[in-house]
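Each residue of the sequence shown is one higher than the one before, counting from 1 in the UniProt record's numbering.
No residue lacks a Cβ here, since even glycine has one placed at the ideal position from N, Cα and C.
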Amino acid sequence: MPEGDTVWRAARDLNAALAGSELIRTDFRVPRFATTDLRGRTVEEVVSRGKHLLIRVAPGESESEGWTIHSHLKMEGLWHVYAWGERWRRPAFKARAVLETAACQAVGFELGILRVFPRSGEEEAVGYLGPDLLGPDWDSGEAVRRLASVPERPVGLALLDQRNLAGIGNVYRCELCFLIGVHPLTPVAQVPDLVRLVDLSKRLLEANKARSRRITTGMSSGRDPLWVYNREKRGCLRCGTRVVHELVGDNELELRDLYFCPHCQPRVE
């Protein structure tokens, strides 16, 4: 499931493959940008911003501004880099973007969001996001302030709100609530230590950003890398109590899977 650490790795790999290279062909397979052609321009860098990925391209000879290829993986998206002649590992009809250089092809499959716009459009696209847990501008104090600004909101929903802090997805929000011993529907105002929660969020994503396997238990060699997420049939990894699985969201259109241990995370009435 793509979360901030997954997108960070995608940006790292794309940056290694594309940065400094000239695009010899671009193919955007969404109607709005199907005629956009960035051939002849050089990729400057690829960066992540929370769960968003930004490929920054230099301006053409007669252009005063560079371009940004903005994608969001949502639930199913991913980027692959292929050497020339290498067979794609996903069906071609699932490709949404193809970027070619003399050395490789970068292909974005099943991207939930794909947009191409002048560089000045980045603020509108991602400027609303809170501090990026894996970004150079990380500000823990601002993240705490944003979380605390709506004290009655359940902490499990506040953590998923990318306007508070950018990069946490469903797996991390469940595991974070477990690790601090708080029921995910506890109002933010009743969370004992928001500073600790934010600090732990940062440390977890930093620890996992370079791993192919997401681990929150600290046991890299074990079969069970998570405490409660997706464990409703196996029980809490700490105490064995049956993990509760619910669908929770701000409204019926935003329901997401929620996992918690009723023993380790008792609900406060």
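- prompt: If you draw a straight line from the C-alpha of I69 to the C-alpha of S48, how long is it?
  reply: 12 Å
task: Answer with buried or exposed for R9, where buried requires no fewer than 16 other C-beta atoms within 10 angstroms of its C-beta.
output: Buried, because 16 or more other Cβ atoms sit within 10 Å of the Cβ of R9.
Exposed unless 16 or more other CB atoms sit within 10 angstroms - verdict on R96: buried
task: Within 10 angstroms of the Cβ of S201, are there 16 or more other Cβ atoms? Answer buried if so, exposed if not.
output: buried
- request: Closer than 6 Å by C-beta to R214: which residues in its own chain qualify, once you throw out the five before and the five after it? Chain order, please.
  value: N208
message: What does the alpha-carbon distance come out to for the pair R145 and L197?
response: 12 Å
field: Same chain only: Cβ atoms within 6 Å of C261, ignoring 5 sequence neighbours per side
entry: V228, C236, T241 and V243
message: I'd like the list of long-range same chain contacts for R267, defined as Cβ closer than 6 Å, with 5 residues on each side in sequence excluded.
response: Within its own chain, the residues whose Cβ lies closer than 6 Å to the Cβ of R267, once the five positions on either side in sequence are excluded, are H183, listed in chain order.
message: For G249 and K51, what's the separation of their Cα atoms in angstroms?
response: Going by the C-alpha atoms only, they are around 19 Å apart.
query: Is H72 near G135, with beta carbons less than 7 Å apart?
result: no
message: Does the contact criterion of 3 or more C-beta pairs under 8 Å hold for the segment 167-180 versus the segment 252-259?
response: yes
field: Distance between V107 and S21 (C-alpha atoms, nearest Å)
entry: 16 Å
message: Using the Cβ count rule (16 or more neighbours within 10 Å means buried), how would you classify V46?
response: buried
query: Which parts of the segment 175-231 are runs of the beta strand (DSSP E), unbroken and 3 residues or longer, counting only runs that do not cross its ends?
result: none
message: Tell me which residues share the same chain as V7 and place their Cβ nearer than 6 Å to its Cβ, disregarding the 5 neighbours each side in the sequence.
response: S48, K51 and L53
query: Are the segment 140-159 and the segment 98-105 in contact at 8 Å, needing three or more beta carbon pairs?
result: no
message: Let me check understanding here. Comparing Cα to Cα, which of V150, P151 and G167 lies closest to L129?
response: G167
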